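Take a look at the structure set out below.
Numbering (our numbering), first residue to last: 1 to 430.
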C-alpha cells in the first residue's frame with residue numbers, strides 16, 4: 001500500500017493540481033487530531049463527564065465517520081468498513097439514519113481506541129488515494145473541505161471536553177505537564193469609539209465563493225451599526241475577581257432570570273475551574289496560579305451579561321464585533337502556540353485579542369441572516385437547525401486552530417455553557 005506521505009508528494013499523471021492543496025490540508029488536519037489525542041490513554045479517551053461533552057475516542061471516530069459517510073460512501077457500490085459504527089458515530093444527522101444517544105457516548109467501551117485509530121488510518125488512506133489519483137469529483141472535494149473544517153471544530157471540542165473530564169476526576173490530573181505558562185501585565189482597559197455606520201457583515205456563500213465559510217455566515221449583507229465604544233481587550237481575571245468581591249453572584253438585579261436560577265441551583269460563585277479558596281485555576285496543565293492579567297475564561301453568557309451590567313456596560317452585538325474585526329489580521333493565541341490557555345494582553349493596537357485566547361460572548365441571539373439558505377441534503381442539518389436558544393460567540397480561543405477562524409465566523413452555544421473557553425469583551429452605547 002502506498003504511504004499517505006508519498007501520496008502527498010507524488011501527484012499522479014491524472015491528478016489535477018488543485019487537489020494537491022486539499023490533500024496537504026487533509027494530512028495536516030488529520031495529523032493534528034492524532035497529536036492532540038496522543039497524551040491520552042485508552043481509559044482517558046472513553047470518559048464522558050457530562051451530557052454536553054463527548055469522549056475523545058468518539059471525536060476521533062465521528063470525524064472519520066463524517067468523511068466515510070459523506071465522501072467515500074457517495075461512490076456507487078461503496079461498502080462501509082464497519083456498518084454498525086454508522087449508528088455509533090453519527091452525531092445529529094437525522095437524514096443519515098438513527099444514532100446512539102449523545103448522553104451515553106461514554107458507554108462505548110467498544111470499539112477500542114486502537115480500532116478507532118486503525119479506522120482513521122484506513123479512511124485517510126482511501127481519501128488520500130482518491131485525491132492523488134484525481135478520482136474525487138469537485139462536489140465531493142467541497143464536502144471533504146467542509147469535513148476538514150468540521151474536524152477542526154472537534155479538535156477544539158476534544159480539548160475542552162478532556163479538560164472537563166480531568167477536572168471532574170478526583171485526582172484532577174493534567175492533560176500535559178509541559179505546557180508553556182506565561183504571565184504579564186495587561187494593557188489598561190480602554191475604549192475605541194465607532195460612529196454610526198452602514199456596514200457589511202457576513203461572508204459570501206461558499207462554495208460559490210473560493211474562501212470557505214459555513215452556511216450560517218452568509219449571505220453577506222448590510223447592517224446599521226449604531227454609535228458605540230468597544231473595549232480594547234477582554235475582561236481580565238482581576239477585573240472579574242472585583243465583580244465577585246462586590247457580591248456579583250449575590251445580587252439578583254444584575255442577572256437575567258434564567259441565569260439567576262442557575263446561580264441558585266448550581267451554586268455558582270466564580271468561573272468554572274477557579275479555586276474558590278485560593279488564587280488558582282484548573283488548566284490543561286493541571287492547577288496553576290491564576291494570572292490576574294489574563295482574560296477571564298470559562299464564564300457563561302449569563303455571567304458575561306451580569307458582569308457587563310455591573311461594569312456599567314453591555315456585551316457587543318455580533319455586528320459591532322465583526323466590524324471591528326474586519327480591520328484586524330487573524331492573529332493571536334491559538335492552539336498552534338501550544339499554550340492552551342489564555343494569555344495576558346500587552347499589545348499596542350486600539351483593539352486587541354479579537355482573535356484567539358477566548359471566545360467572546362455577544363448580545364446577539366443565533367439566528368438566520370436575511371436570505372440564509374442551508375446546504376443541500378443531509379449536510380443542511382449542520383448549522384441551521386440549531387438557530388434556537390443559542391447566543392453567538394466570536395473570535396476563537398487558545399484551543400482553536402488559527403486557520404479555522406475569520407471575522408465572519410459565528411460560533412454558538414446556549415448562554416448556560418461554561419466549559420468552553422469563553423470570555424467577555426465589553427461595549428458601551430454612545
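Backbone N, C-alpha and C define an ideal beta-carbon position, used for all residues, glycine too.
In this text, all values refer to a predicted model and were calculated from it rather than measured experimentally.
DSSP places residue 281 in the uninterrupted beta strand (DSSP E) bounded by 280-283. The Cβ atoms of residue 387 and residue 366 lie closer than 8 Å to each other. For residue 411, the enclosing beta strand (DSSP E) starts and ends at 411-413.
From the listed residues 305, 173, 208 and 194, the smallest Cα separation to residue 253 is found for 305. For the 8 Å CB-CB criterion, residue 284 and residue 159 form a contact. If you look at residue 392, you'll find it in the beta strand (DSSP E) that goes 391-394. Here the alpha carbon of residue 57 sits roughly 25 Å from the alpha carbon of residue 405. Annotation for residue 163: the continuous alpha helix (DSSP H) segment containing it runs 138-168. Contact check for residue 69 against residue 86 passes: the beta carbons are separated by less than 8 Å. Linking residue 280 to residue 241 through their CA atoms gives a straight-line distance of about 12 Å.
Contact annotation, residue 286 with residue 174: C-beta distance approximately 4 Å; criterion of less than 8 Å satisfied. Using a Cβ distance threshold of 8 Å, residue 130 and residue 430 do not count as a contacting pair.
At least 8 Å separates the beta-carbon of residue 41 from that of residue 105.
With respect to the C-alpha of residue 398, the residue from 84, 35, 157 and 146 having the closest C-alpha is 157. Residue 152 is not a Cβ neighbour of residue 370, given a cutoff of 8 Å. In this model, residue 126 and residue 216 are separated by some 30 Å (Cα to Cα).
Residue pairing by DSSP places residue 429 opposite 228 in a beta bridge. Here the alpha carbon of residue 84 sits roughly 24 Å from the alpha carbon of residue 37.
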